[in-house]
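Per this note's numbering: the sequence shown = residues 326 to 931. Note that the Cβ used here is the ideal one computed from N, Cα and C, for glycine as well.
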Amino acid sequence: MKNRFKSHLLRTSKWAMLFAASTVAFALTSNTFAQDADFNKSRLRTAQDLERRRSYDNALRIYRSLYDLVPRNQLYYEGVKRNMVRLKKFDELVVIIRTQINLSNGNNPRFWADLGNVYYKRGDPAQALSIWETVLADHPKQKSGYIYVANAMVQNRLYDQAIEVYQNARQVFGQQHLFVFELANIYVLRLKYREATLEYLSYLEKNPKQFSYIEGRITGYTKDPEHAQEVAEVLKSYLPQSKQAYLVRKLLANLYLRVEDFEMALQQFKFLETVKVPTRQKKQGQELYFFAEKSLRAGRYQFAQDAFELILTNYNKSPYRPRAFYGVAISRQMRGFSAEALTSYNELIDAFPKTRWVQDALFQIGEIYFRDLFELDQALSTYHLLIQKYPDSKNSVQAHFRIGDCYAAQGDFEKAQLWYNRTRSPGTANPTARDEALFKSANLDFMQGEFDTALEKLHKITAKIAQRKGEQPFVNDALELMFLIEENQAESKEALVVYGQAQKQRVQRKLADAVKSLQGIVSNYPTASILDESLFDLGELESERGNYAAAIGYFQGLLDNHPESLHNELAQKRIAEVYETELGDSQKAYQAYEQLLIKYPSSIYL
């Protein structure tokens with residue numbers, strides 16, 4: 326009994342020891358595998374990084390060592406293939422690809438396509454074509470085979486052959502819409518935009534919900550106006566046969582809009598208003614409204630006005646009517662027709678007194694009276710009415726500023742300061758409004774020769790710039806005025822005082838007086854640091870007064886005599902703009918723009 330028990334105990338102990346040993350060995354092996362896997366991932370990342378840095382020899386060494394360890398790993402295989410092709414190691418690559426063919430028992434068309442690709446690249450096109458033909462013959466019902474072979478052909482610029490491969494596939498599978506995107510891509514590479522567009526249209530017929538995607542693809546090759554015109558003709562000729570006529574015409578309208586052919590675009594959007602959308606209920610005036618907004622943002626105000634007026638004329642129940650009234654008004658305003666714009670704004674206020682557009686209309690009425698007509702009492706009355714009716718509106722703060730501007734233009738700087746300061750009251754002003762109030766207030770001080778007071782306010786704007794979040798649009802203006810004062814206060818204070826007076830006269834629209842003041846600086850303080858600012862402002866003032874030859878003379882004088890001035894880029898641009906817009910001299914405008922390109926290639930004005 327004791328012997329049997331002892332024997333059983335010994336056997337149990339042996340098995341326990343063997344189990345423990347095997348467990349330890351398994352743990353060690355698993356740990357080694359894990360370490361190897363991590364190491365291989367690290368090496369793969371290194372190879373990929375070397376490849377990105379175009380160190381192909383070094384990248385290949387790592388890819389090859391990884392591939393030799395795990396030849397079935399396709400990441401390693403692709404890395405070896407890419408870099409061997411780049412380094413033209415075609416003979417070695419043939420061996421590797423044949424290994425992959427053997428590992429897949431010759432059943433994967435991908436590797437045969439790769440083999441043909443290598444033969445073609447090493448100068449044996451007949452062998453390559455033979456391999457590709459064999460692949461397709463051996464795998465006629467495998468769609469991936471056609472893709473692999475066609476891709477290999479495209480890599481070797483055999484575009485026509487690749488197209489033929491995809492067209493044959495359509496016949497084999499009896500599917501005329503097969504490989505639409507692959508074929509379209511090749512057509513684009515061949516600059517065959519008509520054929521590419523027809524492919525996308527055939528897909529759109531079956532998949533109307535993919536409109537945005539299809540439009541994005543077409544957009545990619547119609548940025549050039551000539552290409553866009555070619556595609557536009559394709560779309561027009563396709564319309565009669567399309568079952569998705571609305572979508573095709575929408576493509577056409579948007580195409581014209583993208584290339585800024587607003588006249589043709591408007592025609593198409595007018596037509597779209599008459600076409601029912603097959604998948605949803607369309608609002609009256611929706612298409613014209615879309616066009617009008619795009620035109621307005623592009624600065625094509627006449628076309629925007631035309632579209633908004635069509636909404637008002639033809640669609641009495643359109644939900645876009647209030648916005649259309651406003652759109653007509655602001656289009657007229659931007660085109661310089663102040664009286665007509667005022668009429669349109671007042672029509673909007675009378676017709677839709679409870680809409681959100683009324684407060685915007687009131688503000689723009691104030692802008693016309695202040696900026697365009699300089700009827701300050703009318704402007705003040707309008708801004709006061711806006712604040713009274715809409716004290717918490719988004720335009721209320723700006724109306725406060727405009728009232729201050731009106732009083733400044735009247736010469737009442739005390740009232741102007743009061744209205745600027747009201748925008749800084751706690752809880753009502755955002756940081757940008759507080760900065761604007763400080764800057765406008767400092768500018769009034771500057772114009773009155775109170776330079777130290779102005780600097781104190783300007784420093785409040787620029788203090789702790791790095792710690793402040795969000796946009797700070799008045800920081801640059803504050804810095805510019807600060808530097809102007811600090812640079813001239815000690816050495817050219819008298820000239821600085823005169824310059825401030827000129828700015829005051831400019832605010833009050835006493836342009837002739839402002840010109841005389843600045844001319845006095847040029848004559849009496851020829852060495853003052855503020856001379857370049859004076860010349861630039863003289864150019865601006867004379868342009869504003871319609872004295873274009875004098876304006877060009879001042880801008881050119883600045884360029885010739887003050888090559889170090891920070892205003893020179895803008896002065897060169899102003900010369901070009903005066904020639905182009907005011908004098909209609911396209912040749913001299915071109916020459917001036919050319920000088921801007923040559924002298925200031927990194928200019929923000931290009």
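CA-CA distance, Ser-469 to Ala-590, rounds to 42 Å. The alpha-carbon of Ile-426 is positioned some 26 Å away from that of Ala-362. One thing to note: Leu-635 has its Cβ within 8 Å of the Cβ of Leu-613. In the three-state DSSP reduction, Tyr-546 falls in the coil class, being neither helix nor strand. A direct Cα-Cα distance of roughly 7 Å separates His-464 from Pro-434. Close CB contacts of Gly-825 within its chain, under the 8 Å cut and outside five residues either way in sequence, are with Phe-771, Met-772, Gln-773, Gly-774 (chain order).
Nearest in C-alpha terms to Lys-785, of all of Phe-764, Val-602, Pro-888, is Phe-764. Look at the beta carbons and you see the stretch 513–525 not touching the stretch 492–501: under three pairs across the two are nearer than 8 Å. DSSP places Asp-702 within a helical segment (H, G or I) once states are collapsed to three.
In the DSSP assignment, Gly-878 falls within the alpha helix (DSSP H) that extends over 873–886.
A residue is called buried when at least 16 other Cβ atoms come within 10 angstroms of its Cβ; His-502 does not meet this threshold and is exposed.
Put simply, of Tyr-745, Arg-727, Val-584, Ser-817 the residue whose alpha carbon is nearest the alpha carbon of Val-847 is Ser-817. Secondary structure of Arg-397 (DSSP, three-state): coil. Taking a contact to require three or more Cβ pairs closer than 8 Å, the stretch 694–707 and the stretch 676–684 do not qualify as touching. The straight-line gap separating the alpha-carbon atoms of Val-479 and Lys-446 is approximately 12 Å. If you check the CB distance, Leu-843 and Ser-868 do not come in under 8 Å. In summary, Tyr-392 is buried, with 16 or more beta-carbon neighbours lying within 10 Å of its beta-carbon over all protein chains present. Taking Leu-711 as the centre and dropping the five residues before and after it, the same chain places the C-beta of Gln-684, Leu-687, Phe-688, Gly-691, Ser-718, Asn-720, Ser-721, Ala-724 closer than 8 Å to its C-beta, in chain order. Distance between Ser-669 and Thr-638, taken at the CA atoms: about 14 Å.
A contact between stretches requires three or more CB pairs, one per stretch, nearer than 8 Å, and the stretch 535–548 meets this requirement with the stretch 566–582. In the three-state scheme derived from DSSP, where H, G and I count as helix and E and B as strand, Arg-574 is classed as helix. Under the criterion of beta carbons closer than 8 Å, Arg-749 and Ala-741 do not qualify as touching, at roughly 14 Å. DSSP places Ala-623 in the coil class of the three-state scheme, outside both helix and strand. Pairing Thr-757 with Glu-796 gives a Cβ-Cβ distance under 8 Å. Rounded to whole angstroms, the gap between the alpha carbons of Gly-545 and Tyr-528 is 17 Å. When Gln-897, Asp-449, Leu-461, Pro-450 are compared, the shortest CA-CA separation from Trp-437 is found for Leu-461.
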